[in-house]
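Trainee: Quick note: to get the numbering used here, add 36 to the position in the sequence shown (first position is 1).
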Amino acid sequence: MTTVTTTVTTSATETADRPRTAVVTGASSGIGAATARALAAAGYHVVCAARRVERIEALAAEIGGTAVPCDVTSPESVSGLAARVGDRLDLLVNNAGGAFGSAPVAEADADEWRRMYEVNVIGLMQVTRALLPALLASGAGAIVNVGSTAGRVAYEGGAGYTAAKHGTQVVTETLRLELFDQPVRVMEIAPGMVRTDEFSLVRFGGDESKAEAVYAGVAEPLVAEDVADAIAWMATRPAHVNIDELVIRPRAQAAQHKVHRV
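1. Taking a contact to mean a Cβ-Cβ separation below 7 angstroms, would you say ARG91 touches SER64 in this structure?
2. Less than 7 angstroms between the beta carbons of LEU95 and CYS106, yes or no?
3. What separation, rounded to the nearest whole angstrom, lies between the Cα atoms of PRO286 and VAL82?
4. If you compare alpha carbons, which of ARG54, GLY62 and GLY68 is closest to ALA260?
5. Just how far apart, CA to CA, sit ILE179 and ARG273?
6. Pull up the CB-CB distance for VAL230 and ALA200, whole angstroms please, since I reckon it's below 8 angstroms.
7. Specify, as a first and last residue, the run of the beta strand (DSSP E) that ALA299 falls within.
8. Determine, using beta carbons only, whether GLY175 and ALA132 come nearer to each other than 7 angstroms.
9. What ranges does the beta strand (DSSP E) occupy inside the stretch 111-188, keeping only unbroken runs of at least 3 residues that lie completely in it?
10. In terms of alpha-carbon separation, which member of ALA135, GLY134 and THR102 lies closest to ARG120?
11. Compare the beta carbon distance of ALA312 and VAL114 with 7 angstroms and say whether it is the shorter of the two.
12. On a CA-only basis, which of GLY228, VAL60, ARG73 and VAL104 is nearest THR198? Give me that one, please.
13. Taking Cβ positions, are ASP268 and ALA78 nearer each other than 7 angstroms?
14. Please report the distance separating the alpha-carbon of GLY183 from that of MET270.
15. How is the alpha helix (DSSP H) around GLN205 delimited, first residue to last?
Here it is in structure tokens:
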């Protein structure tokens, strides 16, 4: 496990009587759970949002946060999240996402592609749209979208996921243009190879051998805490500093197709 530390800069919105509040979607595991912990350590009250209620309740109890069940693909569920958040929000981390399947385009499963677009693009849009008024009301809000290096480089067997993550990137860029004169920062973090408990396992339908093969021979892939540390750093820069995009990879991964394995 990698030990990380975060240098925190107090934002203009932090006051003695109103602690900063963050929402993290997909907080039930992996990068989302690690980010919730990192933000809590940085002084945020964290709203942990995800579908798996028992997991987010345990996480919220651990970090002194609030658990809100939420399926980002459901407009009704997202509306419920917005109602729980209230009128002011300092930070939104759109982390909910996922990859499903690895078939070539000629053999692609249309339902898997729809699921990926729904969660990585439509879900991100719905949560952002619902919480944007509260972010603007804070006077110095911030949005961090969790993209991927897959949103920058295509690779065989990844067309559905790369298309969805390219969507994440473009939505982020468009939102920044649309909100250029508003008091909110719009940022994206694009991780490369990150070893978490579930990402590859879900992608390969529970096939452990295929999931393990992704990381075979890679001595030190990134872990969720590495990405969470970077997100906390982005979020805690001064309110006038926008980290447009941060690409983060393990040292062993020089590019999408070039990974040092031993």
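In this text, a Cβ means the ideal position worked out from N, Cα and C, and glycines have one as well.
Predicted model only: the values in this text are computed from it and were never measured.
Mentor: Working from what's here:
1. It is a contact, given that the beta carbons lie within the stated cut-off.
2. Taking 7 angstroms as the Cβ cut-off, LEU95 and CYS106 do not qualify as a contacting pair.
3. Each residue's alpha carbon lies about 27 angstroms from the other.
4. Out of ARG54, GLY62 and GLY68, the CA that lies nearest to the CA of ALA260 is found in GLY68.
5. Rounded to the nearest whole angstrom, the CA to CA distance from ILE179 to ARG273 is 12 angstroms.
6. About 17 angstroms separates the two Cβ atoms, so there is no contact after all.
7. An answer regarding residue 299 cannot be provided, because it is not within the stretch 37 to 298 covered by the chain.
8. Contact: no.
9. 127-130 and 177-182, all fully within the stretch 111-188.
10. Of the residues ALA135, GLY134 and THR102, the one whose Cα lies closest to the Cα of ARG120 is THR102.
11. Coverage of the chain is limited to positions 37 through 298, which leaves residue 312 absent and any answer about it impossible.
12. Checking every option, the nearest Cα to that of THR198 belongs to GLY228.
13. Checking the sequence shown, residue 268 turns out to be Ala, not Asp. Yes, the Cβ-Cβ distance between ALA268 and ALA78 is below 7 angstroms.
14. Taking the straight line from one Cα to the other gives about 14 angstroms.
15. Secondary structure note for GLN205: its alpha helix (DSSP H) is the uninterrupted segment 195-214.
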